[in-house]
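Chains as they are written, first to last, in this note's numbering: chain A, 21 to 675; chain B, 19 to 335.
Heads up, the beta-carbon is just placed ideally off N, CA and C, and yes, glycines get one too.
Just so we're clear, the structure is a prediction, and the values are computed from it rather than from any experiment.
Here the structure is laid out as C-alpha cells; the discussion comes afterwards.
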Amino acid sequence: MSTGLARRFTVTAVGQRSFDLLSLGMAFVLAVNAAHLPWWLGLALAFALGWRWWQRRQQAGRVPGWIKLPLLALLTLAVIVQYGNLFGRAAGTALAIGLLILKLLETESPRDVRVGVGFTCFTLMTALLFDQGMVSTAVVALGLLPALATLRALEPAQAPASVPRSLLSPLALLAAALPLALLAFLLVPRLSSPLWGAPSRDQARSGLSDRMSPGGFTELLTDDHPAMRVSFDGAPPPPDQRYFRAYVMARYDGVSWSYRDVANLPPAALDVGQAVKYRITLLPTHRHVLPTLDVPIQAPADASMRRDRVVMAARPVDDALTYALSSATQYQFEPQFDEHHRRWLQLPAGFNPRTLALGQSWRQQYGTDDAAIVRAALVLFHDGGFRYTLAPAPLGRNAMDDFLFDTREGFCEHYSSAFTVLMRAAGIPARVVTGYQGGYWNKLGDYLLVRNSDAHAWSEVWLAGRGWVRVDPTAAVRPERVSLGAAAAAGGQLDWYHDDWLQGFRNRWDVVNRWWDQAVTGFDALRQRSLLTPFGIRDTDTTTLGVLLAIGTTLFIAIGLAWALLRRQSRDPLREALRELERKLARQHIARRVGEGPQHYLSRAARALPSKREELMALTKRYLDLRYAHDEPPTESVHAFRRAVRDFRAKNVVK
Amino acid sequence: MPGLPQRLQGWAERRLPALTRYRRPEGLPVEMHRRRIYIVPTGFGLGFSLLLLVMLVGALNYSNNSALLLTCLLGAASAASMLVAFRSLDGLRLEQVRAGHAIAGESIELAFTLQSSRPRNAIRLDLGDASASFALDGHGAALVKLALPTEVRGWQALPRMRLWSSWPLGMFRAWSWLHPAQSVLVWPRAETAGPAPSAAADDARHMRLHRGEELAALRAYQAGDPQRHVAWKASARHDNLLVKDFEQPQTQPQWQLDWRQLRGMADEARIARLARWLNEAQQHRRSFSLWLPGNEIGNGSGALHYARCMDALACLP
C-alpha cells in the first residue's frame, strides 16, 4: 500500500516475554473458569498449556497440524459428550476455553498473540457468567493485567523490566480508565428484556423446595451461601422470633410433605396484635416463593398471597429481588375454621402405626386439652433421649416409627415431621412449615444475613380460640438451634464452620457482598431509570442516558486531552525572580519593552528611581552574574537573589 | 512508472495538503506537537473494538453487571491508551540528522538524534522500507540509524519519513510525517578499471621526510608532540624536553589529479575516473592534489583530505 497508513510487517516470532505473559494470562483464565469445567477437561487443558509453554522455551515454532487438528476434534468431542451440545452456557464456555488453549499451540507471530489476548479477555468474561460476586469480579479483573502486559510486551524497543514489573505496568492505565469505566457502567442503557433467548439457568443453586422429606435438607444445611438479607424498620425481632415462613405443607404421603399451590383462594383471616415492617433482598432461587417473617399482612407488589399466607411472586426469582412488607409477630391466625379443615388431619393409611397409636393414646389421656397434648409431645422430644444431628441414620418405610422409637436422631425436618404426624394422630389440626430461622445480625450494615444453612422446618398447630400456633419441636431437643442459629446447633458437623473468628469475619464481610449485590449486581433497568431521582428527574429514559453518557464521555475526553497536552515548562527560578522584579517595577510605570534586554531595562529603571539606584544596580549585577557566569547557577545564590527581589520595595519615597 | 495509487496520492497531496497531512520540508530541530500528530486505530484496534461490542451486548443481554463492568473497564483502558500513544510522540524533538559517506548506488547511513525530556517507549521511525525502533530514557538523546538508498551522486534531499508509535497496547497508531529540510551528499561511483594517472614530472623533488620508523634525531619538544615520542632519558640531561624524531623516505610519488588531463571524455566518466584515482590514492596512502573547474584542492593526504576531494567531485554540476 502506498497511502502510508498501512504497512507491510515482516512476520517475526514474538519474544519470549510476550509469550510467557500470554501463557500466564491463559493460565489465569483456566484458573478462574476451573470451577465450572469438568475436572478432567481442566486438567487436560492445563497440561496442554504447560506443555506448549515448555515446548516453545526449547524451540520456537508452531506446533504442527497433525497434533493440532486431532486435539481440536478431541476437544469438540469431549464438549459434546460432556454437555450434549456446543452452545449452552457451560458448553460454550468449555469450548471457548479449549479453543483459547489450542490457539496458544499455533501462537508464533505478533498477530497470533493479539488474537490470543482478545480471546483471553473474552473468556475472562465468561467466568463472570457463573459467579458475579465482588471477589470473583475483582479476581477476574486481575486477569486483565497479564493480558494488557502481553500487548505492551509486543511493542519493540522498550525499557527493560522484570516479569513482575511488566505485569504491574498496565495497572496505571487501568486505574486511569476506572472513572470512565464507572461512568459508562452507570449510563450504558440496560435492556429491560433480553435481545435473544433468556439465559439458561442450568445451574440452579439448591434452595428451599416445595417438598420436604426427613433428611432432604442435608445439602441445604451445609450450603453457606447467603439466601437473603433482611433489614427492619426499627429494632429486629429477638433471635427466637426470627422465623421466615416459605411453604406451608399440608399433604403427607408417608415419605414426604408437599405444598400444593392453589391460586384463587383468599388469604385466611388474621387478627394482628403487633406488626413489624421490613425489607427482604432475596438472592436468586429460581422459584416463585418469597419467604416472609412470620405471618405477612399483605403481599408485596408483583406477588400474591395464598390461602395459608404463603407469598408467591408472579415470576420466578431469577435475579436478586427486594421486597418490602409488614408481618404480624403477635397474631391470631385463622381463629375460625372453614369447612376445609379436615385436610389438616390427613394422614396416609398404612404408615407409622406406632406413632398413630401414641398420638391416639395422648388424646385419651388428656381428653380435650389440645395444649397438654402439644406439651406432652415436646416433653417426649426433650426427655426421650433424642439427639440433634445433621447425619442421622436412614429411616425405613415407617419413617416416623423408626425415628421416634429406634434411631431418635435427626434434625429439624425429622422433628417437625414427627411432631405434625403425632398431632394429627391425636386429632389436632397441624401442618409443617418450611423456611428459614435465625440468621446473623450484621451490626455494621444493620441487616440480618440469612444463609441457606439457616433453612428450617417447624410445625403449626391449630388450637381452639388461638388459631394457628407455631411450635418448633427442634427447639425442645436443641434450644441452641433457635437461639444461636443452625451453625452453632450443628457444632462441628459443618465442614465450612471451622472457627469462630473465621465465621465471624465471614459474617461481617457479608456487608461488602450485600453492598456489591445492591450497587452493582442489582443495578438493573429499573434502578437505572430512577438514577436521577435525587435530581428531580423521576424517569431517566434511554435518550437521556445516551445524552448523559455522551456528555460524561466528552468530559473525560477533555480531561484526558488536557493531561495529554500538558507540557511542563522547565522551571527557571532565575527567570521567575526577574519576572517578579519586572512586575514590581511595572507598578511604578517602568514596564519592560518588547525586546529590551535585562541590563538595559534595569539600568533604565535605576535612572527612573534614583532612590533605588544602588539597590537596582546591585540586583542587575547579581542577575547578570547568575545568568552568564555559570552554566548552571548555584541554587543558594538563586535563592538569595529571589529573596532580595522579594524584599525589594519599588515605591519611590523621595519622588 | 508509478502505479495508480502512488499517482493518486501524489495528486491528493498537491491538491489537498491539509487532508493528506502533507508536510513541506522544515528546518531542524523538529518538535512533535498536537498540530502534527495524527492517531488512527490499527487493524487490531478495530478488531478489539468489535470484540468489546460483542462483550457489551452479551453482558447487557444476560444482564450481567459484573461482565459489563469488566467490558467498560477494558474499553476505557483501550480508549485511554490512545492518549498514551499521543503522548509518546508529543514533545519529541528531532535535533539533528547526520549522514555518513556513501557512493551512488549504495545506501547511506543516516543518524537521527532525538531528544526528549521524559522516558518514551517503542517509537518507530520509517524511511521507505527501512524501519528502526527505539526508546528514550528521558535523560539523554537517542541515536537512531537508518539506511537511505541512493542512486546518483550529488546532493540528495532527505525523503519524507514517518515517526510513529503504537505504544502501549498496539490498538492506536500515533504518527507524524518528518521531513527535515536537509540534504545528504552522495559521492560519485568510481569506474571499475582504467589507466593510472600520469605520474608527476619529478618524483624526486617530492621526496621529503616523513614520520617513519627510523629514529633520525632528537629535537626540542613542540606543543602537540605525542607523549610517547618524548625521549625521557635524554630530556633528563637537558633543560627542556627532547622528542625523538622519526623519518621515513616517502616512496610514493605525489599525484596531481587534474580534470583538464581527461580531455575528450564525458563529464560523468571524468568524475568516475577521478573518483577511482582518489580511491587508489587513499588506498595506497599517497598524497594528492585535485584540480576541478572552479575548485582547486591543494596537496594533502588522509581521510579528511580524501573526503574533501570526494565532496568536491560529488558537487560538480
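* If you pair each beta-carbon of the region 106-126 of chain B with each one of the region 150-170 of chain B, do three or more pairs fall below 8 angstroms? -> yes
* To do: Give me the Cα-Cα distance between R326(B) and D263(B), rounded to the nearest whole angstrom.
  => As a first step, residue 326(B) is located in the second sequence; it is residue number 308 there, counting from the start. As a first step, residue 263(B) is located in the second sequence; it is residue number 245 there, counting from the start. The straight-line gap from Cα to Cα measures roughly 29 angstroms.
* Asked: Taking the DSSP output, what are the residues bridged to D291(A)?
  -> Stepping through the first sequence from its first residue, residue 291(A) is reached at position 271. Paired residues: Q352(A).
* Asked: Secondary structure at V75(B), three-state DSSP: helix, strand or coil?
  -> Along the second sequence, one-based indexing puts residue 75(B) at 57. Residue state, collapsed to three classes: helix.
* Strand pairing of A679(A), partner residues [DSSP] -> Here chain A comprises residues numbered 21 to 675, so residue 679(A) is not present and cannot be evaluated.
* **Neighbourhood of G235(A) by C-beta distance below 8 angstroms, restricted to the same chain and skipping five residues each side** => Along the first sequence, one-based indexing puts residue 235(A) at 215. For G235(A), where only same-chain residues beyond five positions count, the Cβ hits under 8 angstroms are P412, P414, L415, G430, E433 and H434.
* To do: Would you tell me roughly how many angstroms separate the C-alpha atoms of L646(A) and E175(A), rounded to the nearest one?
  => Looking up residue 646(A) in the first sequence gives position 626. Looking up residue 175(A) in the first sequence gives position 155. L646(A) and E175(A): Cα-Cα distance of roughly 45 angstroms.
* Which residue from A103(B), P137(B) and F130(B) puts its Cα closest to that of L196(B)? -> Taking the second sequence and counting its residues from 1, the one referred to as residue 196(B) is at position 178. The shortest C-alpha separation from L196(B) is found at F130(B).
* Asked: Applying the criterion that 16 or more other CB atoms from any shown protein chain within 10 Å of the CB defines a buried residue, is S381(A) buried or exposed?
  -> For this step, residue 381(A) is matched to residue 361 along the first sequence. Exposed, because fewer than 16 other Cβ atoms sit within 10 Å of the Cβ of S381(A).
* According to DSSP, residues forming a beta bridge with I126(B) -> Along the second sequence, one-based indexing puts residue 126(B) at 108. According to DSSP, I126(B) bridges with L166(B).
* By the criterion of Cβ-Cβ separation under 8 angstroms, what are the contact partners of T337(B) in chain A? -> Because chain B in this structure spans residues 19 to 335, residue 337(B) falls outside the shown range and cannot be described.
* Asked: To the nearest angstrom, how far is it from the Cα of R307(A) to the Cα of A340(A)?
  -> One-based indexing of the first sequence puts residue 307(A) at position 287. One-based indexing of the first sequence puts residue 340(A) at position 320. Inter-residue distance for R307(A) and A340(A) is about 12 angstroms (C-alpha atoms, whole angstroms).
* To do: Could you work out which residues of chain B lie near F543(A), taking near to mean beta carbons separated by less than 8 angstroms?
  => Indexing the first sequence from 1 puts residue 543(A) at position 523. N83, listed in chain order.
* Asked: Where D40(A) and G242(B) are concerned, what is the direct C-alpha to C-alpha distance, given to the nearest angstrom?
  -> Working through the first sequence from its first residue, we reach residue 40(A) at position 20. Working through the second sequence from its first residue, we reach residue 242(B) at position 224. Answer to the nearest angstrom: the Cα atoms are 58 angstroms apart.
* Return the bridge partner residues of F190(B) from the DSSP annotation. => Mapped onto the second sequence, residue 190(B) falls at position 172. Beta-bridge pairing links F190(B) to P59(B).
* Residues near Q279(B) in its chain [Cβ-Cβ closer than 8 angstroms; skip 5 each side] -> If you number the second sequence from 1, residue 279(B) lands on position 261. Within the same chain, Q279(B) has close Cβ partners P215 and S216.
* **Euclidean distance between Cα positions of A33(A) and F152(B)** => Here residue 33(A) corresponds to residue number 13 of the first sequence, with the count starting at 1. Here residue 152(B) corresponds to residue number 134 of the second sequence, with the count starting at 1. Their Cα atoms are separated by approximately 19 angstroms.
* With 16 other CB atoms within 10 Å as the buried threshold, where does M283(B) fall? -> Working through the second sequence from its first residue, we reach residue 283(B) at position 265. Its Cβ having fewer than 16 others within 10 Å, M283(B) is exposed.
* Note down the Cα distance separating R52(B) from A670(A), rounded to an integer number of angstroms. => Reading the second sequence from its first residue, position 34 is the one you call residue 52(B). Reading the first sequence from its first residue, position 650 is the one you call residue 670(A). Looking at the two C-alpha atoms, the distance is approximately 42 angstroms.
* By Cβ distance below 6 angstroms, which residues in the same chain neighbour A495(A) in space, the five residues on each side in sequence not counted? -> Walking along the first sequence from the start, residue 495(A) turns up at place 475. Once the five neighbours on either side are set aside, the close Cβ partners of A495(A) are V502.
* Asked: Under a CB-based cut-off of 9 angstroms, is M189(B) close to chain A?
  -> On the second sequence, residue 189(B) is found 171 positions in, with the first residue counted as 1. For M189(B), the answer is yes, since a Cβ of chain A falls inside 9 angstroms of its Cβ.
* Rounded straight-line distance, which links the Cα of V99(A) to that of S278(A) -> One-based indexing of the first sequence puts residue 278(A) at position 258. One-based indexing of the first sequence puts residue 99(A) at position 79. Spanning the two alpha carbons is a distance of roughly 38 angstroms.
* To do: Pick helix, strand or coil for G65(B), following the three-state DSSP scheme.
  => Position 47 of the second sequence holds residue 65(B). For G65(B), the secondary structure class from DSSP, reduced to helix, strand or coil, is helix.
* Start-to-end residues for the beta strand (DSSP E) that takes in T454(A) -> Taking the first sequence and counting its residues from 1, the one referred to as residue 454(A) is at position 434. That run of the beta strand (DSSP E) goes A450 to Q457.
* Measure the C-alpha to C-alpha separation of T375(A) and T349(A) and round it to an integer number of angstroms. => The sequence position of residue 375(A) within the first sequence is 355, counting from 1. The sequence position of residue 349(A) within the first sequence is 329, counting from 1. Approximately 32 angstroms between the Cα atoms of the pair.
* Using Cβ-Cβ distances below 8 angstroms, what residues of the region 98-112 of chain B are close to chain A? -> A98, S99, L101, V102, F104, R105, D108 and G109
* To do: Please classify Q457(A): is it buried, with 16 or more other beta-carbons within 10 angstroms of its beta-carbon, or exposed?
  => Along the first sequence, one-based indexing puts residue 457(A) at 437. Flag for Q457(A) reads buried.
* Proximal residues to V159(A) (C-beta, below 7 angstroms), its chain only, five neighbours per side dropped -> The residue given as residue 159(A) occupies position 139 in the first sequence. For V159(A), where only same-chain residues beyond five positions count, the Cβ hits under 7 angstroms are V52.
* Run through DSSP, which three-state label would M637(A) get? -> To locate residue 637(A), count along the first sequence from 1; it is residue 617. Residue state, collapsed to three classes: helix.
* Kindly indicate if chain B contains any beta-carbon less than 9 angstroms away from that of W535(A). => Locating residue 535(A) in the first sequence gives position 515, where the first residue counts as 1. Taking a beta-carbon distance threshold of 9 angstroms, W535(A) does not count as an interface residue toward chain B.
* According to DSSP, is T140(A) helix, strand or coil? -> Residue mapping note: residue 140(A) aligns to position 120 of the first sequence, counting from 1. Of the three classes helix, strand and coil, the one that applies to T140(A) here is helix, per DSSP.
* Measuring alpha carbon to alpha carbon, tell me which of K123(A), P311(A) and D230(A) ends up nearest R280(A). => Locating residue 280(A) in the first sequence gives position 260, counting from the first residue. For R280(A), the nearest C-alpha among the options comes from D230(A).
* Buried/exposed call for Y351(A), threshold 16 Cβ in 10 Å -> Mapped onto the first sequence, residue 351(A) falls at position 331. So Y351(A) ends up on the buried side.
* **Cβ shell of A80(A) (< 6 angstroms), same chain only, five flanking positions each side left out** => Here the question's residue 80(A) lines up with position 60 in the first sequence. Closer than 6 angstroms at the Cβ level, and outside the excluded window around A80(A), lie A33.
* **Within chain A, the residues that S184(B) reaches when beta carbons sit closer than 7 angstroms** => Within the second sequence, numbered from 1, the residue matching residue 184(B) stands at position 166. At a beta-carbon threshold of 7 angstroms, the residues of chain A lying near S184(B) are E175, ordered along the chain.
* Please list, in chain order, all residues of the same chain as W516(A) whose beta carbon is under 6 angstroms from its beta carbon, the five residues on each side excluded. => Translated into the one-based positions of the first sequence, residue 516(A) becomes position 496. Here the model assigns W516(A) a pLDDT of 49, short of 50, so the residue's position is not dependable, and the following value carries that caveat. Once the five neighbours on either side are set aside, the close Cβ partners of W516(A) are D244.
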